[in-house]
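Notes to accompany the following structure.
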Amino acid sequence: MKAIIGGTGIDELYPNAKVYEIETKYGKANYIKEENLIIILRHGVNHAIPPHLINYLANVEALRLLKVDQCVGIYAVGSISNILLPGAVTIINDFIDFTKGNRLSTFSSLNNVFHIEMSDPFDLDLKVKLKKEASICNFPLGDGGVYICTDGPRLETPAEIRMFDHFGADFVGMTGCPEFTLMKEANIKYVGLAYSINWASGVNHKQITFLDTQARNKISQAIISFCIQAMSKI
Ligand code: HPA
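Just so we're aligned, residue 1039 is where the sequence shown starts under my numbering, counting upward by one.
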């Protein structure tokens, strides 16, 4: 089975879709089913759950229970470098976890000790397949960039963004961690796609200006449609 984990835009794309709830040993997760694909609603029904309160373990465990072996995650971010301009989409190549340890971030526990390797944080084979599908259907998908994850829900200060820039981060978001790690721990082939909705704090402009709602929905829905099409062929 294949899956997508998405945030903004799914409710608008499938306003009448049946939302399923699945109980896992870590808690509940919500998803819809579309064309043989599972679509996990990362923020729950009606986008009610903020980034720092998402039950990441339940969402990934749900995929495991639903026998998902390949998955694409979609992430809204703010741009730090020119690798990803606002309005554009890219494959995420690597990430920095700058969350502060308040999120449950591993399936490892007492008597279940393991250490996963992170030299290739995302699945290389799935990346190649997505790039190929993007070129076939003329979907403008960039190739690369480093994601840095903060806890949110507040946005960053200009000094934080300057620091992240020095760290080598290209864009910043609030939901990639621990999702990226849990996917790898769950042995699900995974690729993250980032789309930018603003320049990060202090970059280029003094005030953050987000793409307007219409533009945001348009881009997130274009990505979801691309992912559905690509995953059904992969
Ligand atoms: N910072 C953190 N998360 C985000 C941003 C940002 O500027 N834009 C979209 N998600």
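Think of the CB as a built atom: it goes at the ideal place given N, C-alpha and C, for glycine as much as any other residue.
In the DSSP annotation of this structure, the continuous segment of the beta strand (DSSP E) that includes residue 1061 starts and ends at 1058-1062. Here the alpha carbons of residue 1214 and residue 1185 stand approximately 8 angstroms from one another. Judged by their CB atoms, residue 1205 and residue 1134 are nearer to each other than the 7 angstroms cut-off.
Taking 7 angstroms as the cut-off, the beta carbon of residue 1168 is found no closer than this to the beta carbon of residue 1100. The stretch 1150-1157 makes no contact with the stretch 1051-1060, as fewer than three CB pairs between them are under 8 angstroms.
The beta carbons of residue 1210 and residue 1116 sit closer together than 7 angstroms.
When secondary structure is reduced to three states using DSSP, residue 1181 falls in the strand class. In the three-state reduction of the DSSP assignment, residue 1041 falls in the strand class.
In this structure, residue 1208 keeps its C-beta atom at 7 angstroms or more from the C-beta atom of residue 1070. Bounds of the alpha helix (DSSP H) holding residue 1166 are 1162-1174.
Going by DSSP, residue 1072 is part of the beta strand (DSSP E) stretching over 1065-1072. Residue 1228 is a Cβ neighbour of residue 1109, given a cutoff of 7 angstroms. For residue 1229, the beta-bridge partners assigned by DSSP are 1110. With a threshold of 6 angstroms, the Cβ atom of residue 1214 does not count as near ligand 1, since no heavy atom of the ligand is closer than that. In the structure shown, residue 1214 falls within a helical segment according to DSSP collapsed to helix, strand and coil. Just so you know, the alpha carbons of residue 1240 and residue 1121 end up roughly 17 angstroms apart.
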